[in-house]
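In terms of our numbering, the sequence shown opens at residue 213 and continues consecutively. Beta carbons are placed, not taken as given, at the ideal position from N, Cα and C, and that holds for glycine. Keep in mind it's a predicted model, so treat the numbers as computed, not measured. Take a look at the structure set out below.
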Amino acid sequence: RRVALLKGVTTADLEAVKRERLRLNPGAAELVAACKRAGMKVLLVSGGFTYFADHVQQLLGIDYTRSNVLEIAHGVLTGRMVDQPWGDICDGAEKQRTLLQTCAQLGISPLQAIAMGDGANDLPMMGSAGLSVAYHAKPKVREQAMVAINSGGLDRLLEILR
């Protein structure tokens with residue numbers, strides 16, 4: 213697995229990546245703020261790592277996140293993932309499960325949810341939502357989404373929601 217290639221990377225290295233390379237998608241702050249003003253809850257489900265997803269959650273005030281948890285021992289990545297109650301990999305099936313579980317916790321139908329993605333592993337989640345949005349996505353995702361944003365930032369979704 214690709215995670216094994218990270219063995220030996222330090223948390224200082226991760227911090228440097230977060231500080232120097234992690235950039236929010238254009239319009240992310242505006243979209244999240246508008247959703248929250250409208251009383252919506254925001255869920256970030258990522259095939260990436262909690263180290264970065266949790267940072268984005270804090271920056272934007274996102275309500276819920278689910279992503280892959282890297283195992284760290286003494287400040288160094290072990291090359292393994294930490295098993296979670298839901299498994300160890302946040303794949304397409306887990307993204308869908310997370311959306312459905314969050315909707316159930318909120319007492320809403322998945323048809324009241326909006327799911328946005330760019331890759332094939334987002335399709336199960338997007339297929340369960342009332343509105344599916346492809347964002348700068350691969351062709352297969354654009355074809356299956358109800359709406360495709362091919363240019364501009366995440367806040368382009370607000371044009372549809374208004």
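Check this for me: beta carbons of Gly259 and Asn280, under 8 Å apart or not? For the 8 Å CB-CB criterion, Gly259 and Asn280 form a contact.
Tell me whether the beta-carbon of Gly342 lies closer than 8 Å to the beta-carbon of Ala316. No, they are not a contact pair.
To the nearest angstrom, report how far apart Val294 and Ile301 are at their CA atoms. 9 Å
Mind reading off the beta-carbon distance from Asp367 to Ala349? Whole number of angstroms is fine, and I expect it under 8 Å. No, Asp367 and Ala349 are not in contact; Cβ-Cβ is about 17 Å, not under 8 Å.
For Ala246, I'd like the list of residues in its chain whose CB is within less than 6 Å of its CB, leaving aside the five on either flank, ordered along the chain. Leu370
If we ignore side chains and look at the alpha-carbon of each, how far apart do Gln269 and Lys230 end up? 13 Å
Which residue spans inside the region 213-289 form an unbroken beta strand (DSSP E) run of at least 3? 255-261, 276-280, 282-285
Just how far apart, CA to CA, sit Pro238 and Gly365? Near 5 Å, if we compare the C-alpha coordinates of Gly365 and Pro238.
Identify the residues that DSSP records as bridge partners of Val345: which are they? Met328, Val359
Straight-line Cα distance separating Ala228 from Ser321: 40 Å
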